[in-house]
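Input: a single structure, listed below in structure tokens.
There are 2 protein chains.
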Amino acid sequence: MTETFAALAEPNRFRIVELLRSGPHAVNDIGKRLRLNQPQVSKHLRVLKRVGLVTVQPRAQERVYKLRAKPLKEFHDWLERYRQLWDARFAKLDDLVAELHKKEESNGRRKRK
Amino acid sequence: MTETFAALAEPNRFRIVELLRSGPHAVNDIGKRLRLNQPQVSKHLRVLKRVGLVTVQPRAQERVYKLRAKPLKEFHDWLERYRQLWDARFAKLDDLVAELHKKEESNGRRKRK
DNA sequence: CGTTCATATGCCTTGACAGGAATATGCCCC
DNA sequence: GGGGCATATTCCTGTCAAGGCATATGAACG
Numbered sequence: 181m182t183e184t185f186a187a188l189a190e191p192n193r194f195r196i197v198e199l200l201r202s203g204p205h206a207v208n209d210i211g212k213r214l215r216l217n218q219p220q221v222s223k224h225l226r227v228l229k230r231v232g233l234v235t236v237q238p239r240a241q242e243r244v245y246k247l248r249a250k251p252l253k254e255f256h257d258w259l260e261r262y263r264q265l266w267d268a269r270f271a272k273l274d275d276l277v278a279e280l281h282k283k284e285e286s287n288g289r290r291k292r293k
Numbered sequence: 181m182t183e184t185f186a187a188l189a190e191p192n193r194f195r196i197v198e199l200l201r202s203g204p205h206a207v208n209d210i211g212k213r214l215r216l217n218q219p220q221v222s223k224h225l226r227v228l229k230r231v232g233l234v235t236v237q238p239r240a241q242e243r244v245y246k247l248r249a250k251p252l253k254e255f256h257d258w259l260e261r262y263r264q265l266w267d268a269r270f271a272k273l274d275d276l277v278a279e280l281h282k283k284e285e286s287n288g289r290r291k292r293k
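This is the structure in structure tokens:
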């Protein structure tokens, strides 16, 4: 999981992923659109492939890279577990907890070991 | 956005975030639970704070760190734009596109510039 | 088969960052 | 106000990764 994060942490790699969202692209095509030198594109794609974010399919001499659904879905599922943080219902609960903390703080000074 | 990724790419920082999902924690508490030295915990929390993933609230001498909803929600929203990748409906469309590509390939050799 | 095109790999330098140990800051309590 | 905690910061060192350039691999096509 953290490897996926690391892969997306690199700005140019992030741009590549964003570009690939619109569909598969060949290496040279990516390089031209993002103004990147070909070797860097290949290297970045290598990393993205290693962590499973993309797959390759040869088309003659070209290599067409495509986004893979699985890791992005896993990603999405992971974030779902944090949904409570921003859900309206929880926001209220959050306030409540904050209030409880305040109380605990004000009369906790004597109780504290 | 990529900064958030970078912050989460560090395994120990990821563990801290996972721990904070269960609620706010003080620095020393985090260190004990995750078996990390206090300075590293402080440093990691500094990074998490810089990218806006956490906030601090002083409680006497302790500093209680808490997850922030906003960046995680933004994150979630960003991933929503990729949902088509793993949605069933799109899976079919994907197959269709693949087939079209195959056709284009078979009779495209002469058409290609 | 040799040339050309698309892509991959190797080498090098440089900068960023994590961990460890020591130390500084800040707050509480007597 | 001085000692004791909880936390932050500093310095140091080693590691790792990105970019630039040169070069290697590999396929198509005359």
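Residue numbers (our numbering), protein chains in the order written: chain A, 181 to 293; chain B, 181 to 293. Glycine included, every Cβ here is placed at the ideal spot set by N, Cα and C.
Cβ neighbour criterion (16 or more within 10 Å) applied to residue i
i         : result
Thr184(B) : buried
Pro219(A) : exposed
Pro191(A) : exposed
Pro238(B) : exposed
Ala268(A) : exposed
Ala189(B) : buried
beta-carbon residue i near the ligand GTP non-hydrogen atom, thresh 8 Å
i         : result
Ala189(B) : Of ligands this structure carries none, so the ligand GTP is not represented either.
Beta-carbon proximity list for residue i, same chain, < 8 Å, skipping 5 on both sides
i         : result
Leu228(B) : Ala187, Arg193, Ile196, Val197, Val234, Tyr245
Leu259(B) : none
Lys253(B) : none
Contact set between residue i and chain A, taken where Cβ atoms lie within less than 7 Å
i         : result
His256(B) : Leu259
Leu247(B) : Leu265
Residue(s) in a DSSP beta bridge with residue i
i         : result
Glu311(A) : Residue 311(A) is absent from the structure shown; chain A starts at 181 and stops at 293.
Val207(A) : DSSP, once it has assigned bridges, lists no residue as partnering Val207(A).
Val234(A) : Leu247(A)
Contacts that residue i makes with chain B (C-beta to C-beta distance below 9 Å)
i         : result
Thr182(A) : Leu188, Ala189, Glu190, Pro191, Arg193, Phe194
Cutoff 7 Å; reference residue i; Cβ partners in own chain excluding five residues on either side
i         : result
Arg248(A) : Gly232, Leu233, Val234, Thr235
Asn208(B) : Gln218
Lys223(B) : none
Pro204(A) : Val244, Tyr245, Lys246
Proximal residues of chain A, C-beta to C-beta of residue i below 8 Å
i         : result
Lys253(B) : Leu265, Trp266
Neighbourhood of residue i by C-beta, 6 Å cutoff - its chain only, sequence neighbours within 5 removed
i         : result
Ala206(A) : Glu242, Val244
Per-residue contacts from residue i into chain A (C-beta, under 9 Å)
i         : result
Arg201(B) : Arg261, Tyr262, Gln264, Leu265
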